[in-house]
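J.:
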Amino acid sequence: MKKTNLLVCMLLGVFTFGQVGINNTSPKVTLDIAAKNSDGSTPEGFLPPRLTGDVLFEAMATGAYGTDQHGAVVFVTEAASEDNQVGQTTRVDAMGYYYFNEHFDQWWKIGSNNNIYNLDGHLPSARHVNMNTNNLGFVGGRVGIGTISPDPSAILDLFSKNAGFLPPKMTEAQMNTVLNPAHGLVIYCTDCFGGGTLGCLMLNDSLDPLVPQWGSLCSSNVPTGHIIDLQCASASTSGTVHSGVAVSGITVTVPYTGGNGGTYDALEFNSTGVTGLKANLDSDHLANGNGNLVFNISGTASGIGTASFSITVAEASCTLDIPVVDFTASVTSLDCSSAVFSPTTITQGMAYTGTLTIPYIGGNGAPYPQQTFTQNGLTFTLPAGTLVAGNGNLVYNITGTATTSGAMAIPINFGGASCNANITVATGNSVMMCMSGNTNRGWATYNLGADTSLDPNIPVKEIHGNYYQWGRIAVAADTDTPPGAISGWNTTPAPNDSWNTGTEAAPIKNTANDPCPPGFRVPTITEWQALGNNNTVSKVGTFTSGSFTSALVFSCGANKLTLPMAGARMQITGLLKNRGTQGFYWSNTIFGSFPGSAYNMFIIGNPNPPIILSNDNGERSDGYPIRCISE
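FYI, the numbering for the sequence shown is 289 to 919, going by our numbering.
(1) Mind pulling the alpha helix (DSSP H) runs of 4 or more residues that sit fully within the region 768-833?
(2) Between P771 and chain B, is any beta-carbon pair separated by less than 9 angstroms?
(3) Thinking just about the alpha-carbon of each residue, which of Q307, T620, I321 and C624 is nearest to the one in G333?
(4) Measure the C-alpha to C-alpha separation of D614 and G665 and round it to an integer number of angstroms.
(5) Count the other CB atoms within 10 Å of the CB of I892; is the residue buried (16 or more) or exposed (fewer)?
(6) For K749, which residues does DSSP report across the bridge?
(7) Return the chain-ordered list of same chain residues with a C-beta closer than 6 angstroms to the C-beta of R809, the five sequence neighbours on each side being excluded.
(8) Does V302 come out as helix, strand or coil in the three-state DSSP assignment?
(9) Short of 6 angstroms in beta carbon distance, which residues of its chain neighbour S788, apart from the five on each side in sequence? Order them along the chain.
(10) When DSSP builds the beta bridges, which residues end up paired with G359?
(11) Please report the straight-line C-alpha distance between V466 and G503, rounded to a whole angstrom.
(12) At which residues does the beta strand (DSSP E) containing A705 begin and terminate?
(13) State whether the region 481-500 contacts the region 517-537, with contact taken as three or more CB pairs (one from each stretch) at a distance under 8 angstroms.
(14) I need the boundaries of the beta strand (DSSP E) containing T607, first residue and last residue.
(15) Could you tell me which of A818, G737, C477 and G759 sits nearest to I751, measuring between CA atoms?
(16) If we ignore side chains and look at the alpha-carbon of each, how far apart do V828 and M853 end up?
(17) Go ahead and label I443 buried or exposed: buried means 16 or more other beta carbons lie within 10 angstroms of its beta carbon, across all protein chains shown.
(18) Please go through the same chain and pick out, in chain order, the residues whose beta-carbon is closer than 8 angstroms to the beta-carbon of I761, but skip the five residues on each side of it.
(19) With burial defined as no fewer than 16 other Cβ atoms inside 10 Å of the residue's Cβ, what is the status of R857: buried or exposed?
(20) Taking the beta strand (DSSP E) that Q870 belongs to, which residues open and close that run?
(21) DSSP three-state label for E919, please.
(22) From what residue to what residue does the alpha helix (DSSP H) around E346 run?
(23) Can you grab the Cα-Cα spacing for the pair T607 / A595, in whole Å?
(24) Going by DSSP, name the residue or residues bridged to E556.
(25) With a CB to CB cut of under 6 angstroms and the five nearest residues on each side skipped, what residues in its chain are close to H573?
(26) Give me the DSSP bridge partner(s) of C488.
(27) Under 8 angstroms by Cβ, that's how I've got G651 and V676 pegged, so tell me the actual separation to the nearest angstrom.
(28) Mark M419 as exposed unless 16 or more other C-beta atoms lie within 10 angstroms of its C-beta, in which case mark it buried.
(29) Which residues mark the beginning and the end of the beta strand (DSSP E) in which M723 is found?
(30) Given that a residue counts as buried once 16 or more other Cβ atoms are within 10 Å of its Cβ, and exposed if not, what is V296?
(31) CA-CA distance, A367 and P783?
(32) If you follow the alpha helix (DSSP H) that M383 is part of, which residue opens it and which one closes it?
(33) Since I700 and S706 are thought to touch, with beta carbons under 8 angstroms apart, how far apart are those beta carbons, to the nearest angstrom?
(34) Note down the Cα distance separating E907 from D381, rounded to an integer number of angstroms.
(35) Beta-carbon within less than 6 angstroms of S598's beta-carbon, same chain only, minus the 5 sequence neighbours each way: which residues are those?
(36) Please state if the CB of G564 and the CB of I515 are separated by a distance shorter than 9 angstroms.
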């Protein structure tokens with residue numbers, strides 16, 4: 289018996305005071321693991337417990353991790369959902385290794401937690417960041433460059449005694465292709481003046497991003513405009529102004545002498561005598577010598593007679609007189625019930641070019657001027673012409689893109705008669721959105737599987753659509769699927785080329801697996817990034833858990849792309865998560881670092897502004913909505 293006890297004590301001593309080696313007969317520390325093979329023929333490494341962030345969140349309720357677990361290590365396979373990033377899982381916001389820090393009662397990432405957001409420091413050498421078409425935004429404070437105390441009145445304070453601020457430099461042609469320039473946008477035009485030889489700082493002073501108005505803030509190399517003589521008496525008018533009729537397409541050209549090549553601002557002059565008219569002059573530069581100023585006439589003349597404009601441009605003045613004559617063209621009646629649209633279908637979000645023919649009765653054979661008006665994104669232009677003495681037709685040319693769907697009444701007023709031409713604008717299957725390089729691209733108006741009879745910009749349950757696993761054409765779930773686990777959920781990731789047999793730059797739709805309809809495909813992650821970076825963003829709804837009424841809205845001028853916060857289906861069981869607060873939208877781009885993953889557009893809606901991650905990745909067996917893009 290004594291020998292047995294001694295043997296037990298000896299064995300206990302080995303484990304109590306010894307060291308353990310795995311694939312190693314001479315351990316140097318408490319646990320020393322060596323590779324079984326060092327030639328790459330076998331998988332080597334250490335696998336700690338693998339858990340999702342949400343599982344760690346659930347562990348808080350049981351008190352599983354405390355003082356005794358200080359230093360415990362796990363590998364998090366998926367970040368905790370945003371609602372669960374509290375308490376111990378506050379920092380569990382990405383996949384990776386974490387250790388439990390009982391001093392803070394939190395899981396911390398393994399690796400440095402120090403960064404520019406929580407620690408001051410010094411930059412030891414040059415750093416370069418490829419933003420890869422992504423945005424970098426700072427909100428809620430001020431930025432100082434050259435100073436650590438930016439002025440309270442400035443959101444950006446630059447300080448230097450030997451260097452300046454250099455805005456973007458571009459040619460006039462490049463400046464004019466800037467897509468939807470913001471009011472107050474500043475650039476330096478390298479060739480706007482002096483016949484293309486002189487540059488100037490330019491500012492967009494237009495409130496309408498679709499109609500920019502660039503004005504100069506000139507340095508000494510571009511003089512203020514000056515002319516010797518402005519010759520209103522020699523002006524020529526491109527058409528006839530009629531009383532009571534909105535002016536359309538009429539310009540007046542006024543010659544001048546002695547221009548100095550300098551600049552002048554945009555100007556507007558109101559008429560006197562016959563009131564109701566405006567003469568507008570766009571900003572530009574003068575010729576060196578003689579030249580012409582072109583004024584655009586707009587408004588509706590209050591009567592017949594002379595509309596006079598007192599004009600002062602570049603330190604020269606004159607009075608411009610435009611005759612206003614009576615509108616003598618008349619009809620007995622207009623027959624809008626027999627109106628004909630050609631083509632017959634107008635679709636929301638799709639460019640339209642066509643005509644509207646309105647029959648009239650009792651024309652008096654008199655001439656009439658051009659007339660133009662706009663409605664619902666469409667421009668209606670009646671060219672100048674002459675009425676038939678009797679019955680005939682008014683033919684309006686239509687161009688533009690209808691911004692809203694549904695019933696549209698077009699008011700027609702001509703020659704003492706009026707009526708409404710009615711048409712129903714079809715709900716479009718695509719909408720043109722701003723993209724990189726001042727381009728536009730058609731995106732599907734609805735999520736795949738949504739009810740397309742409803743307004744795509746009013747988030748309700750019926751426009752959330754279906755959930756799809758990456759690389760698969762089959763519907764994995766829809767909005768009526770219960771939120772719990774789904775029996776038989778497919779956990780096998782689809783192959784890399786399931787949706788794109790081409791490249792990121794030149795994608796080719798794999799029609800066998802891509803669920804998008806003909807003419808559309810699943811977007812690349814680059815296209816999602818371009819959407820996020822080139823459109824304005826707003827929110828609709830309350831962004832509460834389980835809500836169907838929350839969405840993020842991207843706007844390109846008047847065009848809108850509304851993405852419901854449909855949440856996602858989890859990769860292991862198909863369990864629904866984060867409906868109402870977050871949005872996940874598939875791209876066709878694989879995530880190279882993880883064979884079972886793919887990129888997606890990830891939206892966290894609760895913050896203001898919302899967080900848009902267009903380089904997020906998810907497990908291919910996750911279920912996300914799909915918003916298609918035109919091929």
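Glycine included, every Cβ here is placed at the ideal spot set by N, Cα and C.
Values in this document were obtained by computation on a predicted structure and should not be read as measured data.
T.: Taking the coordinates as given:
(1) At a cut-off of 4 residues, the continuous stretches assigned as alpha helix (DSSP H) that sit fully inside the region 768-833 are 813-822.
(2) Any reference to chain B falls outside this structure, which holds one protein chain only.
(3) Sequence index remark: in the sequence shown, residue 333 carries index 45 (1-based). It is I321 whose Cα lies nearest to the Cα of G333.
(4) Locating residue 614 in the sequence shown gives position 326, where the first residue counts as 1. Locating residue 665 in the sequence shown gives position 377, where the first residue counts as 1. Their backbone Cα atoms lie some 31 angstroms apart in a straight line.
(5) On the sequence shown, position 604 is the one that residue 892 refers to. It counts as buried.
(6) By 1-based counting over the sequence shown, the position of residue 749 is 461. According to DSSP, K749 bridges with nothing at all.
(7) In the sequence shown, counting from the first residue as 1, residue 809 sits at position 521. If we look at R809 and ignore the five residues flanking it on each side, its Cβ neighbours are K797, D802 and E919.
(8) Your numbering for residue 302 matches position 14 in the sequence shown. Its pLDDT being 43, under 50, V302 is placed unreliably by the model, and the measurement read from it follows with that caveat. Look at V302 here: in three-state DSSP terms it is helix.
(9) For the purposes of this step, residue 788 is taken as the residue at position 500 of the sequence shown. Here residue 788 turns out to be Asn, not Ser, going by the sequence shown. Once the five neighbours on either side are set aside, the close Cβ partners of N788 are P795 and N876.
(10) Position 71 of the sequence shown, counted from the first residue, corresponds to residue 359. As far as DSSP is concerned, G359 takes part in no beta bridge.
(11) Taking the sequence shown and counting its residues from 1, the one referred to as residue 466 is at position 178. Taking the sequence shown and counting its residues from 1, the one referred to as residue 503 is at position 215. One C-alpha to the other measures close to 15 angstroms.
(12) Working through the sequence shown from its first residue, we reach residue 705 at position 417. For A705, the uninterrupted beta strand (DSSP E) run begins and ends at A705 to V713, by DSSP.
(13) Result no; under three Cβ-Cβ pairs closer than 8 angstroms.
(14) If you number the sequence shown from 1, residue 607 lands on position 319. From DSSP, the beta strand (DSSP E) with T607 extends over A604 to V613.
(15) Within the sequence shown, the letter at position 463 stands for residue 751. The shortest Cα separation from I751 among A818, G737, C477 and G759 belongs to G737.
(16) Along the sequence shown, one-based indexing puts residue 828 at 540. Along the sequence shown, one-based indexing puts residue 853 at 565. Distance between the alpha carbons of V828 and M853 is about 10 angstroms.
(17) Within the sequence shown, the letter at position 155 stands for residue 443. Its Cβ having fewer than 16 others within 10 Å, I443 is exposed.
(18) On the sequence shown, position 473 is the one that residue 761 refers to. Correct list, in chain order: A800, N801, D802 and P803.
(19) Residue 857 sits at position 569 when you count from the first residue of the sequence shown. Counting the other Cβ atoms within 10 Å of the Cβ of R857 gives 16 or more, which makes it buried.
(20) By 1-based counting over the sequence shown, the position of residue 870 is 582. Where Q870 is concerned, the enclosing beta strand (DSSP E) starts and stops at Q870 to I878.
(21) Residue numbering aside, residue 919 sits at position 631 when the sequence shown is read from its first letter. Of the three classes helix, strand and coil, the one that applies to E919 here is coil, per DSSP.
(22) Counted from its first residue, the sequence shown places residue 346 at position 58. For E346, the uninterrupted alpha helix (DSSP H) run begins and ends at G341 to T350, by DSSP.
(23) The count along the sequence shown starts at 1 and reaches residue 607 at position 319. The count along the sequence shown starts at 1 and reaches residue 595 at position 307. Between T607 and A595, the C-alpha separation is close to 10 angstroms.
(24) For the purposes of this step, residue 556 is taken as residue 268 along the sequence shown, with counting starting at 1. Answer by DSSP bridge pairing, in chain order: N568.
(25) Position 285 of the sequence shown, counted from the first residue, corresponds to residue 573. Scanning its chain for C-beta atoms nearer than 6 angstroms, with the 5 sequence neighbours on each side dropped, one finds around H573 the residues F481 and T551, in chain order.
(26) For this step, residue 488 is matched to residue 200 along the sequence shown. The partner list for C488 (beta bridge, DSSP) reads C477.
(27) Here residue 651 refers to the residue found at position 363 when the sequence shown is read from its first residue. Here residue 676 refers to the residue found at position 388 when the sequence shown is read from its first residue. Between V676 and G651 the Cβ distance is about 5 angstroms, and since that is below 8 angstroms, they are a contact.
(28) One-based indexing of the sequence shown puts residue 419 at position 131. Exposed.
(29) For the purposes of this step, residue 723 is taken as residue 435 along the sequence shown, with counting starting at 1. Residues S718 to M723.
(30) Your numbering for residue 296 matches position 8 in the sequence shown. The predicted model places V296 with a pLDDT of 43, which falls under 50 and marks its position as unreliable; any figure quoted below should be read in that light. With fewer than 16 other Cβ atoms within 10 Å, it is exposed.
(31) For the purposes of this step, residue 367 is identified with residue 79 of the sequence shown, where counting begins at 1. For the purposes of this step, residue 783 is identified with residue 495 of the sequence shown, where counting begins at 1. Spanning the two alpha carbons is a distance of roughly 24 angstroms.
(32) Here residue 383 refers to the residue found at position 95 when the sequence shown is read from its first residue. In the DSSP annotation of this structure, M383 is not part of any alpha helix (DSSP H), being labelled neither H nor E.
(33) Residue mapping note: residue 700 aligns to position 412 of the sequence shown, counting from 1. Residue mapping note: residue 706 aligns to position 418 of the sequence shown, counting from 1. In this structure, I700 and S706 form a Cβ contact; the two beta carbons are roughly 6 angstroms apart against a cut-off of 8 angstroms.
(34) As a first step, residue 907 must be located in the sequence shown, where it is residue number 619. As a first step, residue 381 must be located in the sequence shown, where it is residue number 93. Rounded to whole angstroms, E907 to D381 spans 16 angstroms at the Cα level.
(35) Sequence index remark: in the sequence shown, residue 598 carries index 310 (1-based). Answer for S598: T607, listed in chain order.
(36) As a first step, residue 515 must be located in the sequence shown, where it is residue number 227. As a first step, residue 564 must be located in the sequence shown, where it is residue number 276. Between I515 and G564, the C-beta spacing is not below 9 angstroms.
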